[in-house]
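Visitor: The following block contains the structure, expressed as structure tokens.
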Amino acid sequence: MQIPRPTDADKQRFRHLVPEDPRIEIKPMFGNLGAFIQGNMFMGLFGSEIGVKLRPADQDQVRAAGGTSFGPSERPMNGYVSLPGAARSDQLEAWIASALAYVSEQPPKAPKGPKRRRT
């Protein structure tokens, strides 16, 4: 499975679209980026594609506007949909806000403990 690498412009666009909220943390993921709230990813960058985790009804709305599955084609991420490239900025903001609200309702993810050393 080939993981696409985002350009600096892709990363900048992603960071620009992430809402300003002190609870949000942006972290690198496999050469791409993810935006997290309470340890759960609500928005991710995969190459040049930006995906969000949405309720099923909202996923249908994004797909109807041209959104597609998010992640590797061999193994798309369940519950996530890529935002359409031709979407207006107000649409993007609404879908991202919906993803943030949806994932904020989920229980916080417990932090992982220190890695065990193999002997």
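All residue numbers for the sequence shown refer to UniProt numbering, where the first residue is 1 and numbers rise by one. Ideal placement from N, C-alpha and C gives every residue a C-beta, glycine not left out.
Quick one: residues in its chain with C-beta nearer than 8 Å to the C-beta of Val-18, no 5 flanking neighbours on either side, listed in chain order?
Guide: Here the set comprises Ile-24, Ile-26, Ala-35, Met-43 and Ile-96.
Visitor: Whose CA, out of Pro-22, Arg-75, Gly-51 and Gln-38, lies closest to the CA of Val-103?
Guide: Checked all of Pro-22, Arg-75, Gly-51 and Gln-38; the closest Cα to Val-103 is Gln-38.
Visitor: Per the DSSP calculation, Ala-35 is bridged to which residue(s)?
Guide: DSSP lists Ile-26 and Met-43 as partners of Ala-35.
Visitor: Would the region 48–67 and the region 78–95 be scored as touching if the rule is three or more Cβ pairs under 8 Å?
Guide: Touching, per the Cβ criterion.
Visitor: Near Asp-21, which residues of its chain fall below 8 Å by C-beta distance, leaving aside the five closest residues on each side in sequence?
Guide: Excluding positions up to five away in sequence, the list reads Ile-37 and Leu-100.
Visitor: I'd like to confirm the pairing. Which residues does DSSP put opposite Lys-53 in its beta bridges?
Guide: For Lys-53, which the question treats as bridged, DSSP gives the partners Tyr-80.
Visitor: With H, G and I counted as helix, E and B as strand and the rest as coil, what does DSSP make of Ser-69?
Guide: Looking at Ser-69 - three-state DSSP - the assignment turns out to be strand.
Visitor: So that I know if they touch, is there some Cβ in chain D lying closer than 8 Å to that of Glu-74?
Guide: Absence of chain D from the displayed structure is noted, only one protein chain being present.
Visitor: Look at Met-29 and Gly-51 and say whether their C-beta atoms are less than 8 Å apart.
Guide: Going by C-beta atoms, Met-29 is not nearer than 8 Å to Gly-51.
Visitor: From which residue to which residue does the alpha helix (DSSP H) around Gln-12 run?
Guide: Looking at the DSSP string, the run of the alpha helix (DSSP H) that includes Gln-12 is 8–17.
Visitor: Where does Asp-60 sit, in a helix, a strand or coil, going by DSSP?
Guide: Here Asp-60 sits in helix by DSSP.
Visitor: What is the DSSP secondary structure of Asp-21, counted as helix, strand or coil?
Guide: Three-state DSSP puts Asp-21 in coil, outside helix and strand.
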